[in-house]
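*Asks:* All residue numbers for the sequence shown refer to my numbering, where the first residue is 13 and numbers rise by one.
Can you read through this structure? Questions will come right after.
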Amino acid sequence: MEEIPSGFISLVGAPNVGKSTLMNQILKEKISITCPKPQTTRNRIVGIYNTPRCQMVFVDTPGIHRARDTFNKILVDIALATLKDVDVVAFIADVTARSVDLDRFALQAMETLSTPVVLVLNKVDLVKDKTLLLPLMQRYVEQRDFAAVVPVSALTGDGVPELLAELERRLPKGPRYYPEDLVTDQPERFLVAEIVREKVFHLTEEEVPYATAVTVDAFKEEPEKNLIRIEATIHVERDSQKGILIGKGGGRLKEIGRLAREDVERVLGCRVYLGLHVRVQKNWRRDRRVLREFGYRWPRGT
Ligand SMILES: Nc1nc2c(ncn2[C@@H]2O[C@H](COP(=O)(O)OP(=O)(O)OP(=O)(O)O)[C@@H](O)[C@H]2O)c(=O)[nH]1
Ligand SMILES: [Mg+2]
Numbered sequence: 013m014e015e016i017p018s019g020f021i022s023l024v025g026a027p028n029v030g031k032s033t034l035m036n037q038i039l040k041e042k043i044s045i046t047c048p049k050p051q052t053t054r055n056r057i058v059g060i061y062n063t064p065r066c067q068m069v070f071v072d073t074p075g076i077h078r079a080r081d082t083f084n085k086i087l088v089d090i091a092l093a094t095l096k097d098v099d100v101v102a103f104i105a106d107v108t109a110r111s112v113d114l115d116r117f118a119l120q121a122m123e124t125l126s127t128p129v130v131l132v133l134n135k136v137d138l139v140k141d142k143t144l145l146l147p148l149m150q151r152y153v154e155q156r157d158f159a160a161v162v163p164v165s166a167l168t169g170d171g172v173p174e175l176l177a178e179l180e181r182r183l184p185k186g187p188r189y190y191p192e193d194l195v196t197d198q199p200e201r202f203l204v205a206e207i208v209r210e211k212v213f214h215l216t217e218e219e220v221p222y223a224t225a226v227t228v229d230a231f232k233e234e235p236e237k238n239l240i241r242i243e244a245t246i247h248v249e250r251d252s253q254k255g256i257l258i259g260k261g262g263g264r265l266k267e268i269g270r271l272a273r274e275d276v277e278r279v280l281g282c283r284v285y286l287g288l289h290v291r292v293q294k295n296w297r298r299d300r301r302v303l304r305e306f307g308y309r310w311p312r313g314t
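Spelled out as structure tokens, the structure:
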């Protein structure tokens, strides 16, 4: 079999720096959900970038931060565990962040890592005076050796071709690990649950998005009607959160359902009926059995 540049690239960094937006920009598809609120991504999300001459398997991860509770520690461990499994690490930093303090924790976690790390300075569309990027870059370079530094805008796509070229140069030669037409290995049910969770993140505030998990309970294709019938449950921790999610006269839940259905139809490429239910599952974030049921998989030993 012909060997091509092929391998795994982890997208890591502090919360909210634009890791998932970058993944979607590279793949030109919405594979990973995004939100202006931090700690949106909760799993390792695989996105596969295929060209005739290479295959890059991107692994989007939860934001690395100094977590205080068990649930967030699990998320950080999921992100850190990817570092050991990949050929190249793309470390994403937000050029609009006031200081590098937020990144320091993630940089410390990578101190002993021998894998090449490419520094991605993201959100450059927000910086008018590009000469400001140089001192910023300096601050990172003082902290560790980077294989390359690439300024990008994950939002506009600026700099992304240059980033892909830098990453490709650092991949080992090997086979394609996934079929050439596959964009993700996420099951459709997971994509749907994530889209619903994204709408909850966008339409609720404070602790509510963080107390939310989504499961898909039924997924039935009705080809004769060109329809997929989906039933999903939004789990929250308290009755008060359930009330907020449902909203006055059911308005908020209806809006979440409408926005999610539109996205799901786009992703699945057919008409969708999406039934949403809200259920209180007390303290699910502290219950490892329930966490497993909700699809969270964390590395052994944590
Ligand atoms: N202006 C601008 N905004 C960006 C850019 N990249 C990401 N954003 C915004 O930054 C916010 C966070 O983006 P995400 O992609 O969700 O960030 P993340 O790093 O995946 O965040 P977590 O999953 O929570 O760790 C969203 O509101 C994005 O639209 C960029 O290049 N320019
Ligand atoms: Mg994310």
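Just so you know, even glycine gets a beta-carbon here, dropped at the ideal spot from N, CA and C.
Just so it is clear, the structure is predicted and the values come from calculations on it, not from any experiment.
#1: Can you tell me which of T124, L175, V132, H214 puts its alpha carbon nearest to the alpha carbon of P50?
#2: Just to confirm the assignment, what range does the beta strand (DSSP E) spanning S18 have?
#3: In the DSSP output, what is Y285 paired with across the bridge?
#4: Would you identify the three-state DSSP class for Q120, choosing helix, strand or coil?
#5: Under the assumption that G59 contacts S44 (Cβ atoms under 8 Å), give the Cβ distance between them as a whole number of angstroms.
#6: Under the criterion of a Cβ to heavy atom distance below 7 Å, does G269 qualify as lining ligand 1?
#7: Indicate whether the contact test is met: 3 or more Cβ pairs, each with one atom in the region 139-155 and one in the region 173-183, closer than 8 Å.
#8: Among I57, T53, N238, T63, which one has its Cα closest to the Cα of I16?
#9: Verify the contact flag: D89, CB atom, against every heavy atom of ligand 2, threshold strictly below 7 Å.
#10: Once DSSP output is grouped into helix, strand and coil, what is the label at K232?
#11: Between which two residues does the alpha helix (DSSP H) holding V212 run?
#12: Run the proximity test for K135: is its beta-carbon closer than 7 Å to any non-hydrogen atom belonging to ligand 2?
#13: When you compare only the Cα positions, how much space is there between V107 and G171?
#14: Does the beta-carbon of D72, which I'm using as the reference point, lie nearer than 7 Å to any heavy atom of ligand 2?
#15: Does the contact criterion of 3 or more C-beta pairs under 8 Å hold for the region 283-301 versus the region 79-91?
#16: Tell me whether A93, by its Cβ, gets closer than 7 Å to a heavy atom of ligand 1.
#17: Is Q51 near ligand 1, in the sense that its beta carbon is under 7 Å from a heavy atom of that ligand?
#18: In angstroms with no decimal places, state the Cα-to-Cα distance between D115 and G261.
#19: In this structure, does DSSP put R291 in helix, strand or coil?
#20: I'd like to check one pair, V132 with A159: are the Cβ atoms closer than 8 Å?
#21: In whole angstroms, give me the CA-to-CA distance for A230 and K266.
#22: Counting only runs of 4+ residues fully inside the region 31-105, write out the alpha helix (DSSP H) ranges in chain order.
#23: Measuring CB atoms only, is the region 63-72 touching the region 178-198, in the sense that at least three cross pairs come out at less than 8 Å?
#24: Fully enclosed by the region 130-177, which alpha helix (DSSP H) runs are 4 residues long or longer?
#25: Are the beta-carbon atoms of V276 and V204 separated by less than 8 Å?
#26: Using C-beta distances below 8 Å, list every residue in its chain close to Y61, excluding the 5 sequence neighbours before and after it, in chain order.
#27: Using a Cβ distance threshold of 8 Å, determine whether the region 238-252 contacts the region 287-294, with at least three qualifying pairs required.
*Replies:* If we stick to the structure as given:
#1: Nearest option by C-alpha distance: H214.
#2: Where S18 is concerned, the enclosing beta strand (DSSP E) stretches over 16-25.
#3: Y285 is bridged to R241.
#4: Annotated three-state conformation of Q120 is helix, per DSSP.
#5: With a Cβ gap of about 7 Å, G59 and S44 count as contacting.
#6: Relative to ligand 1, G269 has its C-beta separated by 7 Å or more from all heavy atoms.
#7: Segments in contact, no.
#8: Distances from the CA of I16 to each of I57, T53, N238, T63 were compared; the closest alpha carbon is that of T63.
#9: D89 Cβ: outside cutoff for every heavy atom of ligand 2.
#10: Correct three-state label for K232: strand.
#11: Taken as a continuous stretch (DSSP letters only), the alpha helix (DSSP H) holding V212 covers 200-215.
#12: Exclusion of K135 from the 7 Å shell around ligand 2 follows from its C-beta lying no nearer than that to any non-hydrogen atom of the ligand.
#13: Roughly 14 Å between the two C-alpha positions.
#14: Under cutoff, so the answer is yes.
#15: Short answer: they touch.
#16: Checking every heavy atom of ligand 1 against the Cβ of A93, none is found closer than 7 Å.
#17: Between ligand 1 and Q51, a heavy atom-to-CB distance of less than 7 Å is present.
#18: Distance between the alpha carbons of D115 and G261 is about 43 Å.
#19: Correct three-state label for R291: strand.
#20: No.
#21: Annotation: A230 to K266 spans about 19 Å, alpha carbon to alpha carbon.
#22: Correct list: 31-39, 82-97.
#23: By the Cβ test, the region 63-72 is in contact with the region 178-198, since at least three Cβ pairs between them sit closer than 8 Å.
#24: Along the length of the region 130-177, whole alpha helix (DSSP H) runs at least 4 residues long occupy 145-153, reported in chain order.
#25: Less than 8 Å separates the beta-carbon of V276 from that of V204.
#26: Scanning its chain for C-beta atoms nearer than 8 Å, with the 5 sequence neighbours on each side dropped, one finds around Y61 the residues I38, L39, Q67, M68, V69, F70, L176, in chain order.
#27: Yes, since at least three Cβ pairs between the region 238-252 and the region 287-294 fall closer than 8 Å, the two stretches touch.
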